[in-house]
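Going by this note's numbering, the residue at position 186 of the sequence shown is 231; the numbering climbs one at a time, nothing skipped. We treat Cβ as the ideally placed atom computed from N, Cα and C, and that holds for glycine. For reference, the structure is listed below as structure tokens.
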Amino acid sequence: MIRANENYNKLQASYLFSDIAKRVETFQQNNPDTHVIRLGIGDVTRALPKAVIKGFHDGVDEMAVDATFRGYGPEQGYAFLRETIAAHDFQARGADITADEIFVSDGAKCDTGNFQELFATDIKIAIPDPVYPVYLDTNVMAGRTGEFQNGRYENIVYMDCLKENNFMPELPKEKVDLIYLCFPNNPTGATATKAQLKVWVDYARQNRALILFDAAYEAFIREDTLPRSIYEIEGAKEVAVEFRSFSKTAGFTGTRCGFTVVPKECMVFSATGEKISLHRLWHRRQSTKFNGVSYPVQRATQAVYSKEGQVQVKELIDYYLNNADIICKTIASLGLDYVGGKNSPYIWIDGQGRDSWDFFDLLLNKASVVCTPGGGFGLCGNPYIRISAFNSLENVTLAMERVRKALK
Ligand code: MLT
């Protein structure tokens with residue numbers, strides 16, 4: 046008899062963004078003439094930068110000629126891309142990361158979801174609440190949690206991120222082995238200073254724990270004093286893995302490219318306490334289960350780092366940050382509290398006691414605007430909603446006019 050992985054039965058019926066898409070589809074079917082404005086899932090709407098398109102075309106043209114055609118690429122990604130990333134994103138900021146510590150992939154969702162395979166089933170995991178659902182759900186699938194009871198899984202240490210602690214997770218009271226952090230945060234938009242990250246790095250070093258640091262939104266940081274990488278913190282190379290994505294940075298949600306940094310110093314331990322190289326494990330995992338990102342996509346990604354690419358990517362992000370500013374101003378004028386929207390494309394809005402799904406329905410039904418209900422990100426996500434800045438300026442402006450009318 047073929048048995049199912051019954052850990053899947055513990056999961057919520059469907060993935061948050063699939064749930065939302067279904068509700069929106071039903072609304073649209075019932076209101077076929079309504080122009081629905083989507084500020085829910087963080088999916089970019091603007092075209093790829095010109096420099097990226099040129100890189101893409103160049104890569105495709107090379108594939109059209111025997112002399113430059115490429116078959117399977119190097120497992121970790123082409124050296125031209127890994128070297129560029131290491132120099133630009135890390136060494137230029139004083140973080141000593143080398144090209145062979147970078148693993149190019151098809152995005153941060155897959156990598157943050159897959160990485161937990163490298164750890165024992167009975168480790169203790171600390172996860173922020175609210176949280177990007179992938180971190181939690183993939184650990185549920187792997188059998189690291191108990192049942193879902195009263196909005197939370199047994200055997201997970203939840204770190205409440207509330208207004209009272211400025212949406213900043215606090216060190217857990219009980220000892221944990223694995224810590225998920227994300228800054229600028231999805232969903233709250235909160236950012237972390239170097240001093241705040243240092244607390245976590247020190248904790249991990251003292252407790253032989255590991256930090257999985259999701260920096261998918263680092264390109265939105267505009268304040269120079271804020272760290273863009275956890276490796277800007279001394280000692281982080283021993284205890285942290287970092288995930289990056291070109292999805293929101295350069296409009297790659299449909300193109301797919303990201304990377305994960307696994308420093309060679311990073312160790313995990315056997316049951317008897319012997320050191321095991323995490324880099325070696327991830328390399329083994331990736332070379333067994335992943336065949337790399339396509340050559341044209343890697344060429345397109347390299348173009349993100351060209352002189353023109355950098356100017357164009359900055360302009361792209363500035364555009365979304367301007368949308369975020371418009372959203373923040375509207376929300377403030379309605380007397381609602383919010384966080385994020387600065388150094389982040391997400392605005393986390395306090396619904397003042399409303400259930401987050403009710404707030405979602407209200408905006409959908411009265412304003413034809415799609416947001417993301419905070420409850421979908423965890424118990425502490427109620428009574429919040431998340432509004433994303435990823436849409437055209439025209440749509441964001443119109444959406445905010447409608448929201449103003451609906452909430453007045
Ligand atoms: C989000 O809306 O939270 C993100 O777009 C989801 C993702 O990046 O997978």
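The beta carbon of VAL97 is closer than 7 angstroms to those of ALA295, ALA345, ALA348, VAL349 and GLY354 in its chain, skipping five residues each way along the sequence. Cβ neighbours of PHE125 within its own chain (closer than 7 angstroms, five residues either side excluded): GLN347. The residues THR375, LEU408, ALA412 and VAL414, in chain order, have a CB closer than 7 angstroms to that of VAL448 in the same chain once the five nearest residues on each side in sequence are set aside.
Cα atoms of GLY158 and TYR53: separation of roughly 15 angstroms, rounded to the nearest angstrom.
Looking from the CA of VAL81, the closest CA among GLY421, ALA444 and LYS453 belongs to ALA444. ASP141: not part of any beta strand (DSSP E); DSSP gives it neither H nor E.
Taking 7 angstroms as the cut-off, the C-beta of TYR177 counts as close to a heavy atom of ligand 1. Under the DSSP definition of a beta bridge, GLU287 partners with PHE258 and VAL306. With a cut-off of 8 angstroms on Cβ pairs, the stretch 312-322 is not in contact with the stretch 135-150, counting fewer than three such pairs.
No Cβ-Cβ contact shorter than 8 angstroms links ASN427 with ASP395. Secondary structure of ILE376 (DSSP, three-state): helix. In the structure shown, the three-state DSSP call for SER322 is strand. Annotation: LYS309 to ASP370 spans about 40 angstroms, alpha carbon to alpha carbon. Listed in chain order, the non-local C-beta contacts of GLY100 below 7 angstroms within the same chain comprise ARG344, ALA345, GLN347 and ALA348, local neighbours out to five positions each way being set aside. DSSP lists no beta-bridge partner residue for GLN121. Taking the Cβ of ASP167 as the reference point, every heavy atom of ligand 1 lies at 7 angstroms or farther away. Leaving aside the five residues that flank PRO173 on each side, the residues in its chain whose CB is nearer than 6 angstroms to its CB run, in chain order, MET204, CYS206 and PRO214. Sequence-distant partners of PHE405 (beyond 5 residues in either direction) whose C-beta falls short of 7 angstroms from its own C-beta, in its chain, are CYS416, PRO418 and ILE430. The beta carbon of ASP151 is closer than 6 angstroms to those of ARG301 and VAL338 in its chain, skipping five residues each way along the sequence.
Here the C-alpha atom of GLU268 lies approximately 38 angstroms from the C-alpha atom of ALA165. With fewer than 16 other Cβ atoms from the protein chains shown falling within 10 Å of its own Cβ, PRO77 counts as exposed. ARG449 sits in a helix when the DSSP states are folded into three classes. Looking from the CA of TYR391, the closest CA among MET312, ALA261, LYS282 and GLY380 belongs to ALA261. If you check the CB distance, ALA153 and SER290 come in under 8 angstroms.
Within the stretch 70-135, no complete beta strand (DSSP E) segment of 3 residues or longer occurs.
Here the C-alpha atom of ILE256 lies approximately 21 angstroms from the C-alpha atom of GLN121. Within 7 angstroms of the C-beta of LYS67 there is not a single heavy atom belonging to ligand 1. Around the Cβ of GLY116, a 10 Å sphere holds fewer than 16 other Cβ atoms; the residue is exposed. In the structure shown, CYS206 adopts coil according to DSSP, grouped into three states. If you draw a straight line from the Cα of ASP222 to the Cα of THR305, it comes to about 20 angstroms.
Rounded to the nearest angstrom, the Cβ distance from PRO341 to GLY104 is 3 angstroms, consistent with a contact under 8 angstroms. The three-state secondary structure of PRO341, taken from DSSP, is helix. With a cut-off of 7 angstroms, the C-beta of GLY87 is classified as near ligand 1, since at least one heavy atom of the ligand falls inside that distance.
In the DSSP assignment, PRO418 forms a beta bridge with ILE430. The Cβ neighbour count for ASP106, taken over all protein chains shown within 10 Å, is under 16; the residue is labelled exposed. In terms of CA proximity to TYR248, ILE278 leads the group ASN440, GLU128, ILE278 and HIS328.
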